[in-house]
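Chemist:
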Amino acid sequence: MPASNPPRGERAGSASAASGSPLARRQAADVVQRAFRAALLLWMTGWLIKAPFFLCYLGEWSFEVALEHPLFPTVFLDPWTSWAAYFVPLIAGGLALFRPGVATARLAAAALTACAAVLLVHVNGYNDATFLTAFWSGVWLLWLALHADTQNAGTAERHGPRLALGVIALMFLGGTVGKLTAEYWSGEALYQTYFLQKQSWPYPALRQACSEEGLRLMAKICSRAIVLTEGLLAGLVLFRPAWALGAAMWVMLGIVAASTPWLLSVMGPLLGVARGGRLLLKTSRVEQLATRCRAAVTSQTSEVGPLEMCTSPHL
Amino acid sequence: MKVTTATPAFYVLLSAAFASTLWLPFDPARQEALMSSRHLRAKSFPEWASLQLVPTMYNFANRTWISAEPLTPARLAAAAPLSETEFNRDPLGALAAGTYTCWMNHYPPRLITFGGLRRRLYRRGEPTYFCFQSRFRGQVVESHYLAVPHSGKLLFRAAAGESPDAGK
């Protein structure tokens, strides 16, 4: 392995894992599996956060009154399909969390991606953005699980953070592009949907305290801030995953804090992807350091001793 | 799919989705197709399902009108804001009294399909009339539906109707 200077936190881990010793490959695979479990845990959090509602809605109301719509094939109108699609990921995801392994990770990722896709095109779930972010995050998880073995862990470390950023950016690009319309830029859509209609805090209090002009101004400011924030998150794809994934996590947590905890059902899977991508990066740095140490020991040409390299805060 | 092809395939998928999303503001036909799909309208289910994968979280300016009577221009024009009524507490009582309208953050049909309102509409025992409208950069898509209770199911049927903007 040459002791050249790869970009920090991006490529070194994969190169060393791909061409390194069996021990390095095994360590890389461990890293990928750890990243997978962290991402899966947040994916499951998002899936479960609205469980009390989904238990009533998918488990009771959908059976009590089924819908019939000419667009949908029978299977995607059947309440049993949506009920099963909501439950299978709980079992498959739980299995992958408590019985870790490459095979269980692949099985779980395939199951939860397929179930999110089913709910996304089912009459009982098509409108919930939870299933959209769960689907795209599931694709990333499936890709990661396919690369969780010793042979392919290097590829996961090299491409995982960039693909994670791509998934997150895509979700917010869709959000911001669809709001590039006069009704959002003027704040009218937000004014009507939230400031006038919402019965939950803080909107009733705002209606009591503010004039119509004041509410409209607030709506305009919030609406433009939302469009710009989503645009910023989409634009992060142009930057290095090393800090862009961290920035994305903080911004997404901020969005949840500023709106409602229920939004975690939409953000949870994306937070999982960001967290998983960051874990791959962090371990890439450790791997990079180890690679440099190995190179220094092997070549004996380094200007500083191996021990100094290993403890250098600059690496 | 082989592991060796999974990575380029994922990059291609993401790139295609990025390009498709970025192209939306410049393609009126695509805007119409996407807004129609959010009203549960498409030429076929596979086409609709493929549009569902396009990320459009909380997109477009969306409104819904709901009434126990056919949505004539007069009823659409006189619709009361749903938030200012007892609709949440007693939708059937409210429906008996008039026509209502509200803005939705996305997917206007979810007012009926998602959550518990479908049970109340079923118990009503009579058809309920809906109009959905979505706007994006001057494009407007409108859909009229009839929800009919029948044998344990709520049947969605396309209905004829006037545009809510006809009288403006």
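Keeping their order, the protein sequence lines are chains Z and P.
57 is the number that my numbering gives to position 57 of the first sequence; each next residue is one higher, with no gaps.
With the second sequence counted from 1, adding 1000 to any position gets you my numbering.
By construction, the Cβ of each residue, glycine as well, lies at the ideal position given by its N, Cα and C atoms.
Excluding five sequence neighbours on each side, which residues of the same chain lie with their C-beta closer than 7 Å to the C-beta of VAL123(Z)?
Modeler: To locate residue 123(Z), count along the first sequence from 1; it is residue 123. Only LEU67, HIS69, PHE72, PHE76 and LEU77 meet the Cβ criterion.
Chemist: Taking all protein chains shown into account, decide if ASP1165(P) is buried (16 or more other Cβ within 10 angstroms of its Cβ) or exposed.
Modeler: Taking the first residue of the second sequence as 1, we reach residue 1165(P) at position 165. By the neighbour-count rule (16 or more Cβ atoms within 10 Å), ASP1165(P) is not buried but exposed.
Chemist: Return yes when the Cβ of GLY187(Z) is within less than 9 Å of the Cβ of LEU232(Z), no when it is not.
Modeler: Translated into positions along the first sequence, residue 232(Z) becomes position 232. Translated into positions along the first sequence, residue 187(Z) becomes position 187. No; because the gap between Cβ atoms is not below 9 Å, this pair is not in contact.
Chemist: Is LYS220(Z) helix, strand or coil by DSSP?
Modeler: Within the first sequence, numbered from 1, the residue matching residue 220(Z) stands at position 220. Three-state result, LYS220(Z): helix.
Chemist: Determine, using beta carbons only, whether CYS115(Z) comes closer than 9 Å to chain P.
Modeler: For this step, residue 115(Z) is matched to residue 115 along the first sequence. Not an interface residue.
Chemist: Determine the chain Z residues that contact CYS1102(P) at a beta-carbon separation under 7 Å, and present them in chain order.
Modeler: The residue you call residue 1102(P) lines up with position 102 of the second sequence. In chain order: GLN197.
Chemist: Using a C-beta to C-beta distance shorter than 9 Å, which residues of chain Z count as neighbours of THR1113(P)?
Modeler: The residue labelled residue 1113(P) in the question sits at position 113 within the second sequence. Going along chain Z in sequence order, the residues near THR1113(P) (Cβ under 9 Å) are LEU67, HIS69, VAL123, ASN124, TYR126 and ASN127.
Chemist: On the CB-based measure, 16 or more other CB atoms within 10 Å of its CB, does GLY94(Z) come out buried or exposed?
Modeler: Translated into positions along the first sequence, residue 94(Z) becomes position 94. By the neighbour-count rule (16 or more Cβ atoms within 10 Å), GLY94(Z) is not buried but exposed.
Chemist: Taking the C-alpha atoms as reference points, what is the distance between PRO269(Z) and ARG99(Z)?
Modeler: Locating residue 269(Z) in the first sequence gives position 269, where the first residue counts as 1. Locating residue 99(Z) in the first sequence gives position 99, where the first residue counts as 1. Spanning the two alpha carbons is a distance of roughly 21 Å.
Chemist: Restricting to Cα atoms, I'd like to know which of GLU64(Z), ALA148(Z) and GLU230(Z) is closest to LEU280(Z).
Modeler: Reading the first sequence from its first residue, position 280 is the one you call residue 280(Z). Cα-wise, what sits closest to LEU280(Z) is ALA148(Z).
Chemist: Suppose the cutoff is 7 Å on Cβ atoms and the five residues either side in sequence are ignored; what does the same chain contact list for PRO7(Z) look like?
Modeler: Position 7 of the first sequence, counting from 1, holds the residue named residue 7(Z). Note on PRO7(Z): pLDDT 40, under 50, position unreliable in the model; no value is reported.
Chemist: Helix or strand or just coil, what does DSSP make of ARG278(Z)?
Modeler: Against the first sequence, residue 278(Z) aligns to sequence position 278. Here ARG278(Z) sits in helix by DSSP.
Chemist: Using the DSSP secondary-structure output, state which residues sit across from HIS1150(P) in a beta bridge.
Modeler: Against the second sequence, residue 1150(P) aligns to sequence position 150. Note: HIS1150(P) sits in a beta bridge opposite LYS1153(P).
Chemist: Identify every run of the beta strand (DSSP E) within the region 1037–1103 of chain P, keeping only runs that are complete inside it and at least 3 residues long; order them along the chain.
Modeler: Listed in chain order, they are 1061–1067.
Chemist: Would you list, in sequence order, the uninterrupted alpha helix (DSSP H) runs of no fewer than 4 residues that lie entirely inside the region 220–251 of chain Z?
Modeler: Taking only runs of at least 4 residues, no alpha helix (DSSP H) segment lies wholly in the region 220–251 of chain Z.
Chemist: DSSP on HIS1143(P), reduced to helix/strand/coil?
Modeler: For the purposes of this step, residue 1143(P) is taken as the residue at position 143 of the second sequence. The sequence as given places Ser at residue 1143(P); His does not occur at that position. If DSSP states are grouped into helix, strand and coil, SER1143(P) belongs with the strands.
Chemist: Indicate the three-state DSSP secondary structure (helix, strand or coil) for CYS210(Z) in the structure shown.
Modeler: Sequence index remark: in the first sequence, residue 210(Z) carries index 210 (1-based). Coil, per DSSP.
Chemist: What's the gap between the Cα of ALA108(Z) and the Cα of ALA129(Z)?
Modeler: For the purposes of this step, residue 108(Z) is identified with residue 108 of the first sequence, where counting begins at 1. For the purposes of this step, residue 129(Z) is identified with residue 129 of the first sequence, where counting begins at 1. C-alpha separation (whole angstroms): 21 Å.
Chemist: Determine the extent of the alpha helix (DSSP H) in which PHE1136(P) is found, giving its start and end residues.
Modeler: Residue mapping note: residue 1136(P) aligns to position 136 of the second sequence, counting from 1. That residue, PHE1136(P), is in no alpha helix (DSSP H); its beta strand (DSSP E) goes 1128–1136.
Chemist: Taking Cβ-Cβ distances below 9 Å as the criterion, which residues of the region 1050–1062 of chain P are in contact with chain Z?
Modeler: Flagged, chain order: GLN1052, LEU1053, VAL1054, PRO1055, THR1056, MET1057, TYR1058, ASN1059, PHE1060, ALA1061 and ASN1062.
Chemist: Counting only the same chain and skipping the five closest in sequence on each side, list residues whose C-beta sits under 7 Å from that of ALA169(Z).
Modeler: Numbered from 1 along the first sequence, position 169 holds the residue referred to as residue 169(Z). Excluding positions up to five away in sequence, the list reads LEU233, ALA234, LEU236 and VAL237.
Chemist: Report yes if the C-beta distance between GLY175(Z) and ASN1059(P) is below 9 Å; otherwise report no.
Modeler: Here the question's residue 175(Z) lines up with position 175 in the first sequence. Here the question's residue 1059(P) lines up with position 59 in the second sequence. In this structure, ASN1059(P) lies closer than 9 Å to GLY175(Z) by Cβ.
Chemist: So, is GLU308(Z) buried or exposed, given that buried needs 16 or more other C-beta atoms within 10 angstroms?
Modeler: Within the first sequence, residue 308(Z) is the residue found at index 308, counting from 1. Caution applies to GLU308(Z), whose pLDDT of 41 falls short of 50 and renders its modelled position unreliable; the value that the coordinates give is listed next. By the 10 Å Cβ count, GLU308(Z) comes out exposed.
Chemist: How is the alpha helix (DSSP H) around GLU183(Z) delimited, first residue to last?
Modeler: Working through the first sequence from its first residue, we reach residue 183(Z) at position 183. GLU183(Z) -> alpha helix (DSSP H) spans 182–185.
Chemist: Contact criterion: CB-CB distance below 9 Å. Does ALA12(Z) meet it with respect to chain P?
Modeler: Here residue 12(Z) refers to the residue found at position 12 when the first sequence is read from its first residue. Any answer about ALA12(Z) is weak, because its pLDDT of 42 lies below 50 and its placement is not dependable; what the coordinates show is given next. False, the Cβ-Cβ gap to chain P never drops below 9 Å.
Chemist: Which of the residues in the region 1017–1033 of chain P, read from start to end, lie with their CB under 8 Å from any CB of chain Z?
Modeler: Listed by position, the residues of the region 1017–1033 of chain P near chain Z (Cβ gap below 8 Å) are ALA1017, PHE1018, THR1021, LEU1022, LEU1024 and PRO1025.
Chemist: When the Cα atoms are used, what is the spatial distance from TYR1100(P) to ALA85(Z)?
Modeler: Residue numbering aside, residue 1100(P) sits at position 100 when the second sequence is read from its first letter. Residue numbering aside, residue 85(Z) sits at position 85 when the first sequence is read from its first letter. The alpha-carbon atoms of TYR1100(P) and ALA85(Z) are separated by roughly 34 Å.
Chemist: Going along the chain, which residues of its own chain have a beta-carbon closer than 6 Å to the beta-carbon of TRP1103(P), five neighbours each way excluded?
Modeler: Counting from 1 along the second sequence, the entry for residue 1103(P) is found at position 103. Answer for TRP1103(P): ARG1063, listed in chain order.
Chemist: Should PRO1070(P) and GLY1161(P) be called a contact, given that it needs their Cβ atoms to be closer than 9 Å?
Modeler: Mapped onto the second sequence, residue 1070(P) falls at position 70. Mapped onto the second sequence, residue 1161(P) falls at position 161. A contact, by the Cβ cut-off of 9 Å.
Chemist: On the premise that TYR1145(P) lies in contact with VAL65(Z), defined as a C-beta separation below 8 Å, what is that separation, rounded to the nearest angstrom?
Modeler: On the first sequence, residue 65(Z) is found 65 positions in, with the first residue counted as 1. On the second sequence, residue 1145(P) is found 145 positions in, with the first residue counted as 1. Not quite, the Cβ-Cβ distance comes to about 16 Å (not below 8 Å), so this is no contact.
Chemist: Could you work out which residues of chain Z lie near ARG1110(P), taking near to mean beta carbons separated by less than 9 Å?
Modeler: Position 110 of the second sequence, counting from 1, holds the residue named residue 1110(P). Chain Z residues near ARG1110(P): TYR126, ASN127 and ASP128.
Chemist: Given that TYR57(Z) touches chain P, what residues does it touch there, using C-beta distances under 7 Å?
Modeler: The residue you call residue 57(Z) lines up with position 57 of the first sequence. By Cβ distance, chain P contributes GLY1115.
Chemist: Taking only beta-carbon positions, decide if GLN192(Z) is within less than 9 Å of chain P.
Modeler: The sequence position of residue 192(Z) within the first sequence is 192, counting from 1. Yes, GLN192(Z) counts as interfacial toward chain P.
Chemist: Thinking C-alpha only, which one of ALA103(Z), THR74(Z) and THR113(Z) is nearest LEU90(Z)?
Modeler: Translated into positions along the first sequence, residue 90(Z) becomes position 90. Checking every option, the nearest Cα to that of LEU90(Z) belongs to THR113(Z).
Chemist: Report yes if the CB atom of ASP1061(P) is closer than 9 Å to the CB atom of THR81(Z), and no otherwise.
Modeler: Taking the first residue of the second sequence as position 1, residue 1061(P) is located at position 61. Taking the first residue of the first sequence as position 1, residue 81(Z) is located at position 81. Just to set this straight, residue 1061(P) is Ala in the shown sequence, not Asp. No, Cβ-Cβ distance for ALA1061(P) and THR81(Z) is not below 9 Å.
Chemist: Return the chain-ordered list of same chain residues with a C-beta closer than 8 Å to the C-beta of LEU41(Z), the five sequence neighbours on each side being excluded.
Modeler: What you label residue 41(Z) is simply residue 41 of the first sequence in a count that begins at 1. Excluding residues within five positions, the ones whose Cβ falls inside 8 Å are LEU97 and GLY272.
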